[in-house]
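Following: one structure in structure tokens, then a few remarks.
There are 2 protein chains.
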Amino acid sequence: MSNYTAPVADMGFVLKEVVALEKLCQFAGFDPSTVDILETVLDAAGKLAKEEIEPINQSGDLQGVKIDSAGKVTTAEGFKEAYQHYVEGGWGSLQFSPEYGGQGIPFVVAASVQEMWHSANMSWGLCPLLTQGAVEAITYNASDELKQRYLPKMISGEWSGTMNLTEADAGTDVGSIKTSATPEKDYYLIRGQKMFITWGEHDMTENIVHLVLARLPSAPLGVKGISLFLVPKILVNEDGSLGEPNDLKALSLEHKIGIHACPTCVMSYGDTRGAIGYLVGEENKGLECMFTMMNNARLTVGLQGVSVAERAYQQALSYCNERVQGVAPGYKEAGPIIRHPDVQRMLSTMKSITEAARALTYSACTEVDMAASALPDKTLKKHARRLGLLTPIVKGWCTEVAQEVATLSLQCHGGMGFIEETGIAQIFRDARILPIYEGTNGIQSMDLVVRKIIGDNGLAINELIVDMRESLSSLSPGSPLLSSQIDRFEASVDDLEKTVSLLLKHSTNRQFSGLVAFDVLMMTSTITAAWQMFISVERAKLALESNKVSSEFFDDKAATAQYFIDSILPRYLGHFITISSTDIGVQ
Amino acid sequence: MSNYTAPVADMGFVLKEVVALEKLCQFAGFDPSTVDILETVLDAAGKLAKEEIEPINQSGDLQGVKIDSAGKVTTAEGFKEAYQHYVEGGWGSLQFSPEYGGQGIPFVVAASVQEMWHSANMSWGLCPLLTQGAVEAITYNASDELKQRYLPKMISGEWSGTMNLTEADAGTDVGSIKTSATPEKDYYLIRGQKMFITWGEHDMTENIVHLVLARLPSAPLGVKGISLFLVPKILVNEDGSLGEPNDLKALSLEHKIGIHACPTCVMSYGDTRGAIGYLVGEENKGLECMFTMMNNARLTVGLQGVSVAERAYQQALSYCNERVQGVAPGYKEAGPIIRHPDVQRMLSTMKSITEAARALTYSACTEVDMAASALPDKTLKKHARRLGLLTPIVKGWCTEVAQEVATLSLQCHGGMGFIEETGIAQIFRDARILPIYEGTNGIQSMDLVVRKIIGDNGLAINELIVDMRESLSSLSPGSPLLSSQIDRFEASVDDLEKTVSLLLKHSTNRQFSGLVAFDVLMMTSTITAAWQMFISVERAKLALESNKVSSEFFDDKAATAQYFIDSILPRYLGHFITISSTDIGVQ
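Residue numbers (this note's numbering), protein chains in the order written: chain P, 1 to 587; chain C, 1001 to 1587.
Set out below in structure tokens:
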């Protein structure tokens, strides 16, 4: 029996009502029929996730991945077959340009589908995730020739992609990488070792396209001397056929807490003659090119947080409905533990966080579509600003709360939660990577505070605050929210505004911004997520009035939003006081 | 190199200045020379922890424990030898009565020593932890004959002890156990299966004394029909020598997230003729007897939270001082990551939580000594009430914050944190059992709210609040705390008082108390921990004035207390608002 069923009702609601897919298609130039086929797409993806990708999740964790002395990596049973079906179904190409074989569907719809892969099997889902990022980096930065030669097979999923940044002494500080690139004819010879390369080597695709950061001879020190190279595992002939193997291999696999079925490789480039690589973008502009990939990957890692939370919630709900233990208040006989108020508290916490995280993430993904559309420049820039602001929020908050939901779900299982057999232990272990990779959440919080808030003198965050106030002032009569809840949200927006003022007041004090950054991230995210629940409940009311959702769905959404505003939103106060105390400390 | 050094300076400070060991000895009738030998005891225990128990921690995790087809369990390399040295050093007998070979040292001192075992090696430390609990259950409840025959070897540590409560369908709801006990001559025949039995079978001691909950024929249903039995692995002859093996064995070991070197057993009693067991306490009063063991074990599990936090903090501090990455604000060159403000935030959070948890736990352990002393009855009862109140607080809060400190330490390691080799992954995995065993933290919160607050009509919690206000009003001039910090602590005490009123107002509404219980636990604990830091900084000031601590120690403690009150205490507000909102919800 599968432990996961895609939450297509909530996904459909968020897509259609909260981020307003129809309007998105209209404004951003997508085919309006997207809305009509949405349910079919979600159902089909849900079926693949449930029937093929989830069933190999626990066995994949147990079997792990194996590497032989030649560096050949073997994935767990069934991984290759599930991937083959994913490729055949065209799932890898949803959001990409029809020019290279993509289907031109909005990114936010593709994101909802990806949410399912990561819920079903995080280890497996990382292969498409990295490929998607590589496709974007190539699309926006590479020459037409490279695009023609590599994109179609990557978009179809026949070839996978990776990103190679980290070296032993260059993690967060990517500027200190040492991998070298020597110019040679129309290519470069790459030499060096990279670590933490997700799906760096495997047997699911016939080729792997590595995007590798390296330094040209006499490049400037630091991040301004890094270039990006496309380094295929197997060289590709002019006619697109596969040629000779390149000079690169996986040296070893990491022994990790979780995502055991995902090969995390130490990669060696150019051990003998040098690995052939092709420049992507301009020389010494590699980090900017890689950021095309990383920004999107950051959103998608936030999305993985939603996936983990959804799956952990579903597993807890199922266990709490089945496990009989103790007599709950108001009952005379032992019954399922969901009857106990403290268990209800845990489930409500998990559910409200998960739904808020989904609405927040999808709303950020919509900005990707808007920012890439043909809207007038001024509007485009506003969407790009909003996307920039929301990216560290989605990556940071959704991956932090995924830890909470995973650990709460484990707690709901009591002693069985600590035992591997129930599967919740795996979710808990797998989830722990999320606050680390694609930029630790410390880095996300610095990105938010230094670049996205101080860097534009508060413009983007103040636009967000204006939108929040607009939601408050346009509240429809008869809101299901209590006035105490509306007041609480309004007060949080006031406190957010005060926090922005504090950050701008100390804009040149990097010690201050560094000390408060994580609290700012958590405070801003919690309030923004509450805003999404605020919008969700309003839209649910409208949808109920026009018979688009059932009264059961509406009641459920209203209760979830109320719970979020009563029990999750107030956490921002702890962060706000810490920020204010730090302000006093630096006076 | 050992990854752990016992924090003897802070331990000594809390013991001598915060819980006032000298006065404790005086009031509770302990040998006053305890104070003089304290440093020697802590240093010797620290040496054993660092040199013998810690070095087998990571290897134990990798090797795990093995069971053969006969149910024989083999522990990891070096475990038996380290345990032998522990027994030879007399470390198991510190706090027990000299009547049975104990050393009559205060429990709180023994607790500080135990903190070291669990920091060094949680899997290993669980064997003495369970033995200590079994000794207490026997001491307070068993017949003189059983005491004479079993206690001396258990107190010395030559025999270990276990507690057997859980069955497949009886976890939190222990009242539904099915294991049976049939009277037979002067003993009983025990038949049934128990699970999650920590150190249920192993090769470190020549005998294992199981304390087993079972039902007599025609016993009343539920918790009032449970009796406690002493069931030795090897039967003990009248002269104390070992006789025949009893009819019991380990069937299997659990495959867990962590504490891999600790055998967690499914135990089978009486498969053939019935296991011989001896009644401890009265028939059908087994749960009360077991609670003698469980209350103490709950405190000690809270203490394990302190141990985990201390170790995780030490490892993060060491890593952040060594790992070079990036240029921090105010520097011109790359340096250790401890220079980065966000890393400092994580370290300050870890340190302040760890020290607050230690002060809180030791103060509760002192109540064990006071409650067992020869003080006048009225005073004794007050100490017993305080102990009862603090037990779920220590178990609940210290094990929750241990998760936070462990995960923060892991986060400080960046990508390396997710890889097993650094050791922090093991701490993170091991720690996850703490909020579950010895009563989940949901159960702790119900114990606090229903039994300890509503059950005595607020007496114990109001005594605590009076003591907090007394600390506020007797604040010495020139406190290192800012007035904003003092005000914040005072406001939190006011809010705690309001929360108690709400709980008493809804005293018969078990849905309400169940919904808010966990928030009440976290709020009360956070404020009580802040109070301990408030006391700590005051005592540190007095100690500085009388040259008992260095100015460096004092400055450090003052900064840590300030950080706790600025950045950790404010979290209670989120819980308080949730509680208040739930109050509105039930109007």
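For each residue, glycine too, the CB sits at the ideal point set by N, CA and C.
Please read all numbers here as calculations on a predicted model, not as lab measurements.
What does residue i reach in chain C if we use C-beta pairs closer than 8 Å?
i              : result
E420 (chain P) : H1255, K1256, I1257
A334 (chain P) : D1173, S1176
T440 (chain P) : Q1411, G1414
Q403 (chain P) : T1407
P329 (chain P) : R1510, Q1511, G1514
Nearest by alpha-carbon distance to residue i: which of the options is it?
i               : options                            : result
I1197 (chain C) : C:E1184, C:N1237, C:L1248          : C:L1248
Y1140 (chain C) : C:D1555, C:D1342, C:E1552, C:K1285 : C:K1285
I337 (chain P)  : P:L317, P:T349, P:K351, P:V500     : P:L317
Q193 (chain P)  : P:G171, P:R339, P:D203             : P:G171
P1341 (chain C) : P:M11, P:N509, P:R311              : P:N509
K185 (chain P)  : P:I259, P:C262, P:V266, P:Y278     : P:Y278
K16 (chain P)   : P:R311, P:S112, P:Q63              : P:S112
G1175 (chain C) : C:D1043, C:I1226, C:I1465, C:R1273 : C:I1226
Y1187 (chain C) : C:N1246, C:G1478, C:G1200          : C:N1246
Q444 (chain P)  : P:L390, P:A559, P:V8               : P:L390
P1098 (chain C) : C:P1152, C:K1505, C:C1262          : C:P1152
I1037 (chain C) : C:K1050, C:G1423, C:L1021, C:A1049 : C:L1021
T1300 (chain C) : C:P1477, C:G1240, C:I1579, C:P1128 : C:P1128
N1457 (chain C) : C:I1353, C:S1501, C:T1526          : C:S1501
For the beta strand (DSSP E) that contains residue i, what are its first and last residues?
i              : result
F596 (chain P) : The first residue shown for chain P is 1 and the last is 587, placing residue 596 (chain P) beyond what the model contains.
W159 (chain P) : 159 to 164
E184 (chain P) : 180 to 184
At 7 Å on the CB atoms, spell out the chain P contacts of residue i, in chain order.
i               : result
D1203 (chain C) : Correct list: empty, because the minimum Cβ distance to chain P is about 23 Å.
R1345 (chain C) : L515, F518
I1453 (chain C) : In chain order: nothing, as chain P lies at least about 15 Å away.
What first and last residue would you give for the alpha helix (DSSP H) that runs through residue i?
i               : result
P329 (chain P)  : P329 (chain P) -> no alpha helix (DSSP H), and no H or E assigned at all.
D1495 (chain C) : 1483 to 1505
L1133 (chain C) : Correcting the residue type first, residue 1133 (chain C) is Gly in the shown sequence and not Leu. 1122 to 1141 is the span of the alpha helix (DSSP H), which, as asked, contains G1133 (chain C).
A76 (chain P)   : A76 (chain P) -> no alpha helix (DSSP H), and no H or E assigned at all.
I1465 (chain C) : 1459 to 1473
Q1511 (chain C) : 1510 to 1545
I1443 (chain C) : 1441 to 1446
D1566 (chain C) : Segment: none, D1566 (chain C) is in no alpha helix (DSSP H) and carries neither H nor E.
R1149 (chain C) : 1144 to 1156
A1009 (chain C) : 1008 to 1013
D583 (chain P)  : 572 to 586
How would you list, in chain order, the residues of chain P whose beta-carbon sits under 8 Å from the beta-carbon of residue i?
i               : result
L1573 (chain C) : P570, L573, G574, I577
I1584 (chain C) : L482, S484
M1446 (chain C) : D342
So residue i contacts chain P; which residues on that side make the cut at Cβ distance below 9 Å?
i               : result
R1432 (chain C) : T407, L410, G417, F418, A425, F428
Q1325 (chain C) : D169, A170, G171, T172, D173, S176
Listing by chain order, which chain C residues have their CB less than 9 Å from the CB of residue i?
i              : result
Y437 (chain P) : G1415, F1418
T391 (chain P) : Ordered by position in chain C, no residue passes the 9 Å Cβ test against T391 (chain P), which lies about 18 Å from the chain.
Please determine whether the Cβ atom of residue i lies at a distance below 8 Å from any heavy atom of the ligand SAH.
i              : result
T300 (chain P) : This structure lacks the ligand SAH; in fact it carries no ligand of any kind.
List the residues of chain C whose Cβ lies closer than 7 Å to the Cβ of residue i, in chain order.
i              : result
D566 (chain P) : T1578, S1581
query = Any residues in the region 504 to 531 of chain P with a beta carbon nearer than 7 Å to a beta carbon of chain C? Which ones, in chain order?
reply = R510, Q511, G514, L515, A517, F518
ask   = Unbroken beta strand (DSSP E) runs of length 3 or more, entirely within the region 1199 to 1284 of chain C: which are they?
value = 1207 to 1214, 1227 to 1232, 1234 to 1236, 1242 to 1245, 1248 to 1253, 1264 to 1269, 1275 to 1280
ask   = For the region 1341 to 1426 of chain C, which segments carrying the alpha helix (DSSP H) assignment without a break, of at least 4 residues, lie completely within its bounds, in sequence order?
value = 1341 to 1371, 1377 to 1412
ask   = Just by C-beta distance, which residues in the region 172 to 205 of chain P are closer than 9 Å to chain C?
value = T172, D173, G175, S176, M195, F196
request  = Enumerate, from N- to C-terminal direction, the unbroken alpha helix (DSSP H) stretches of 4 or more residues contained entirely within the region 30 to 102 of chain P.
outcome  = 34 to 48, 57 to 63, 79 to 88
request  = With 8 Å as the C-beta to C-beta threshold (strictly closer), list the residues of the region 296 to 317 of chain P near chain C in chain order.
outcome  = none
key: chain P contacts made by the region 1147 to 1166 of chain C, where a contact means CB separation under 7 Å   = T1166
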